[in-house]
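Engineer: My questions all concern the structure below.
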Amino acid sequence: MGSQFRDLDAVHADDLDNLLLKVGLIKQFKGGTLKCKFCHDVVTADNIYSVIKDSGQYKVVCEKAGCVSQLMQFVATRKPKVD
Amino acid sequence: MDTLLKLLGGFSVGGVTVGICAVQLVKHPELVEKWQAIIYGWLSHLHSGYKYISVKKDIQSRLNSFVNELSKDLGAPQTKVRVRWTANDEQEEVQIEDDGVIIVLRDRGYKNKNFVHAAYFYTSTTLLAHTKRHLSDKQGKSLDLYTTKKVIENQNRNALELFMRDYFQPLLEDEKIRRLVNKFVKIDKSGMYTHVLLQELSYLGTKSFLNKKDRAIMEEVNQLVDFLYTRAQREVGDTSKSEEFIGKYSRHSIKIVSTRAVRETGKHHIPAKRILKAFEAGIENVYVLGPLKDGGKEFIESACQYITGANQAIEVMKKCAFKNVVRLNREERIIDTFFVHLRNPAKAEYLIEDSMIDDLEAYSSIPEEEIAA
Numbered sequence: 000m001g002s003q004f005r006d007l008d009a010v011h012a013d014d015l016d017n018l019l020l021k022v023g024l025i026k027q028f029k030g031g032t033l034k035c036k037f038c039h040d041v042v043t044a045d046n047i048y049s050v051i052k053d054s055g056q057y058k059v060v061c062e063k064a065g066c067v068s069q070l071m072q073f074v075a076t077r078k079p080k081v082d
Numbered sequence: 000m001d002t003l004l005k006l007l008g009g010f011s012v013g014g015v016t017v018g019i020c021a022v023q024l025v026k027h028p029e030l031v032e033k034w035q036a037i038i039y040g041w042l043s044h045l046h047s048g049y050k051y052i053s054v055k056k057d058i059q060s061r062l063n064s065f066v067n068e069l070s071k072d073l074g075a076p077q078t079k080v081r082v083r084w085t086a087n088d089e090q091e092e093v094q095i096e097d098d099g100v101i102i103v104l105r106d107r108g109y110k111n112k113n114f115v116h117a118a119y120f121y122t123s124t125t126l127l128a129h130t131k132r133h134l135s136d137k138q139g140k141s142l143d144l145y146t147t148k149k150v151i152e153n154q155n156r157n158a159l160e161l162f163m164r165d166y167f168q169p170l171l172e173d174e175k176i177r178r179l180v181n182k183f184v185k186i187d188k189s190g191m192y193t194h195v196l197l198q199e200l201s202y203l204g205t206k207s208f209l210n211k212k213d214r215a216i217m218e219e220v221n222q223l224v225d226f227l228y229t230r231a232q233r234e235v236g237d238t239s240k241s242e243e244f245i246g247k248y249s250r251h252s253i254k255i256v257s258t259r260a261v262r263e264t265g266k267h268h269i270p271a272k273r274i275l276k277a278f279e280a281g282i283e284n285v286y287v288l289g290p291l292k293d294g295g296k297e298f299i300e301s302a303c304q305y306i307t308g309a310n311q312a313i314e315v316m317k318k319c320a321f322k323n324v325v326r327l328n329r330e331e332r333i334i335d336t337f338f339v340h341l342r343n344p345a346k347a348e349y350l351i352e353d354s355m356i357d358d359l360e361a362y363s364s365i366p367e368e369e370i371a372a
């Protein structure tokens, strides 16, 4: 059986500041004003689940069950990328 | 001379052992990754750079190990995972595609949290992606939750409590999801969650519908779940429940073969002919179940041999044994079951037009007596 692979893009928590700096969200993050795309609660280093690019804009999602579940829906609408 | 021969014998035994180990490692790369995760975990105390390899290998080895099992169960290779780090080099540009998602993974101290986050995301977005192609939002979510629970139970039981508390329980507050997941539990106990339900949904995902009738497909999936739930709840020996699921998009049959009375006659052609008739009627897949012990496996295998000999279009997709729960005298009992999946690809429709559906609808509206006549 041949195997297909799908990349799971990840950032290590130690590199989170670097990522947020590069995508222009570091000021909001450090200032405690960065909010979850779905529930609009403040996202911190402790509750961040992912960083996403939505219609050209970078956003973050917190780790609440409802928000992660909505993120899955968001992903379901995009085209699969497999190599 | 004797000493030399013993030495050479020792070398050849050692060589064969090393050879077997090497073959096993090539066949099961996730085993190598599991060890790499442990070793690099230790090394990360000396040099923090190793933390990336350790976390990456830990997640890949566990998820891909489950993917291997699922591939075997579904008889088709499933997509494996490869963790790709981003932003770990300050000089490098960060490139995220539009609609791209980057998961945050933490240090090894958060091993369980990392696994829960990665497993849930991966199962939902990749592993079940085509299986969920025609499902409703709630059906898809229920499948994600239950399958992720199985992945975690199977690969990292320590993380199960975290998943149940943070994701499973909160999402079960939705009545529809709770009802579906409850049914999955029963179906899974009877051994039909992966072997039949995911298999059928996987076939459904490969089919295309020229005219989308989403609601009809979703409704049929609910009927499929209800059918399997009813089968799972049935008492041993109860023949009042239908063995066939005949939908517009999915047509399969679950045949219990090799009950003691039939087995003792040794006439394997009797159940074989029953199964052949189901295929002739247009069934795509027949799932054969029976006892593993007391000659049950041999009896089922003989019946399957008879079937594939009589109709060469029919393929044996999978044979396996598992423990499952049956109901006997209103009590649940765990038994050893032998399972065979037979398929007639000639009966599968991959491009379903409305006219075909209409034909089938017309066919199913004919009273049974008329069809028999």
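As they're listed, the protein sequences go chains A and B.
Under numbering that gives the first Met the number 0, the first residue of the first sequence carries the number 0, and numbering increases by one thereafter.
Under numbering that gives the first Met the number 0, the first residue of the second sequence carries the number 0, and numbering increases by one thereafter.
By construction, the Cβ of each residue, glycine as well, lies at the ideal position given by its N, Cα and C atoms.
Predicted, not measured: the structure shown is a model, and the values here were computed from it.
So, LYS34 of chain A versus VAL42 of chain A, is the Cβ gap smaller than 8 Å?
Structural biologist: yes
Engineer: Would you call the region 101-118 of chain B in contact with the region 154-168 of chain B, where contact means no fewer than 3 C-beta pairs closer than 8 Å?
Structural biologist: yes
Engineer: Is the CB-CB distance between VAL50 of chain A and LEU7 of chain A below 8 Å?
Structural biologist: Against a cut-off of 8 Å, the Cβ pair of LEU7 of chain A and VAL50 of chain A comes out as no contact.
Engineer: Against chain B, does ILE51 of chain A count as a neighbour if the rule is that its beta carbon must be under 8 Å from one of theirs?
Structural biologist: yes
Engineer: Identify the contact partners of ASP6 of chain A in chain B, using a Cβ-Cβ distance below 7 Å as the criterion.
Structural biologist: ARG81, ARG83
Engineer: Less than 8 Å between the C-beta atoms of ASN284 of chain B and ALA312 of chain B, yes or no?
Structural biologist: no
Engineer: Using DSSP bridges, identify the partner residues of ASN284 of chain B.
Structural biologist: B:HIS251, B:ARG342
Engineer: Need the endpoints of the alpha helix (DSSP H) that MET86 of chain A sits in, please.
Structural biologist: Outside the shown range of chain A, which is 0 to 82, sits residue 86 of chain A, and nothing can be said about it.
Engineer: Rounded to whole angstroms, what's the CA-CA distance from GLN161 of chain B to ILE274 of chain B? Just pull it up for me.
Structural biologist: The residue asked about is misnamed: residue 161 of chain B is Leu in this sequence, not Gln. Distance between the alpha carbons of LEU161 of chain B and ILE274 of chain B: 45 Å.
Engineer: Kindly list, in the order they appear in chain A, the residues whose Cβ is closer than 7 Å to that of VAL31 of chain B.
Structural biologist: Within chain A, no residue comes near VAL31 of chain B; the closest Cβ sits about 15 Å away, beyond 7 Å.
Engineer: For ARG259 of chain B and ILE151 of chain B, I'd like the C-alpha separation in whole angstroms.
Structural biologist: 37 Å
Engineer: Would you say VAL390 of chain B and VAL287 of chain B are within 8 Å of each other, going by their C-beta atoms?
Structural biologist: Lying outside 0 to 372, the shown extent of chain B, residue 390 of chain B is not represented and no answer is given.
Engineer: Spatial neighbours of GLU373 of chain B within its chain, please: C-beta separation below 6 Å, excluding the five flanking residues on both sides.
Structural biologist: The question about residue 373 of chain B has no answer here: the residues shown for chain B are numbered 0 through 372.
Engineer: Output the distance between the C-alpha atoms of MET0 of chain A and SER60 of chain B, rounded to the nearest integer angstrom.
Structural biologist: Low confidence applies here, because MET0 of chain A scores a pLDDT of 47, under 50, leaving its location unreliable; read the following figure in that light. One C-alpha to the other measures close to 18 Å.
Engineer: Closer than 7 Å, Cβ to any Cβ of chain A: which residues of the region 138-162 of chain B, in chain order?
Structural biologist: LYS140, ASP143
Engineer: So which residues of chain A does ARG105 of chain B contact, with C-beta pairs closer than 8 Å?
Structural biologist: Those are HIS11, ALA12, listed as they occur along chain A.
Engineer: Going straight from the alpha carbon of ARG326 of chain B to that of LYS346 of chain B, what length do you get?
Structural biologist: 33 Å
Engineer: Mind checking if GLY108 of chain B is an interface residue toward chain A, Cβ cutoff 8 Å exclusive?
Structural biologist: no
Engineer: How would you list, in chain order, the residues of chain B whose beta-carbon sits under 8 Å from the beta-carbon of VAL22 of chain A?
Structural biologist: VAL93, ILE95
Engineer: Would you mind stating whether SER141 of chain B and ILE95 of chain B have Cβ atoms separated by less than 8 Å?
Structural biologist: no
Engineer: Between ILE25 of chain A and chain B, is the shortest Cβ-Cβ distance under 8 Å, so that the two count as touching?
Structural biologist: no
Engineer: From which residue to which residue does the beta strand (DSSP E) around LYS322 of chain B run?
Structural biologist: 314-327
Engineer: Taking only three categories from DSSP, how would you classify GLU68 of chain B?
Structural biologist: helix
Engineer: To the nearest angstrom, how far is it from the Cα of SER64 of chain B to the Cα of GLN77 of chain B?
Structural biologist: Rounded to the nearest angstrom, the gap between the Cα atoms of SER64 of chain B and GLN77 of chain B is 11 Å.
Engineer: So which residues of chain B does GLY55 of chain A contact, with C-beta pairs closer than 7 Å?
Structural biologist: ASP97
Engineer: In three-state terms, what does DSSP make of SER53 of chain B?
Structural biologist: Correct three-state label for SER53 of chain B: helix.
Engineer: Assign THR238 of chain B to one of two classes, buried (16 or more other C-beta atoms within 10 Å of its C-beta) or exposed (fewer than that).
Structural biologist: exposed
Engineer: Could you tell me how far apart the beta carbons of ASP143 of chain B and THR122 of chain B are, in whole angstroms, since I believe they sit closer than 8 Å?
Structural biologist: 6 Å
Engineer: So GLN69 of chain A packs on PHE37 of chain A, CB below 8 Å; how close in whole Å?
Structural biologist: 5 Å
Engineer: Return helix, strand or coil for PHE337 of chain B, following the three-state DSSP convention.
Structural biologist: strand
Engineer: Which residue's Cα is closest to the Cα of VAL385 of chain B: A:GLY55, A:ILE25, A:GLN3, A:CYS61?
Structural biologist: What the structure shows of chain B is the stretch from 0 to 372, and residue 385 of chain B is not part of that stretch, so it cannot be assessed.
Engineer: Exposed or buried, HIS11 of chain A, counting other C-beta atoms within 10 Å across all chains shown (16 or more means buried)?
Structural biologist: buried
Engineer: State yes or no: is the beta carbon of VAL315 of chain B nearer than 8 Å to at least one beta carbon in chain A?
Structural biologist: no
Engineer: Count the other CB atoms, across all protein chains shown, that sit within 10 Å of the CB of ASN328 of chain B; report buried if there are 16 or more and exposed otherwise.
Structural biologist: By the 10 Å Cβ count, ASN328 of chain B comes out exposed.
Engineer: If we ignore side chains and look at the alpha-carbon of each, how far apart do SER54 of chain A and LYS149 of chain B end up?
Structural biologist: Across the structure, SER54 of chain A and LYS149 of chain B are spaced so that their CA atoms are roughly 34 Å apart.
Engineer: Hey, LEU223 of chain B and GLY246 of chain B are a contact pair by Cβ (cut 8 Å); roughly how many whole angstroms apart?
Structural biologist: Right, their Cβ atoms sit about 7 Å apart.
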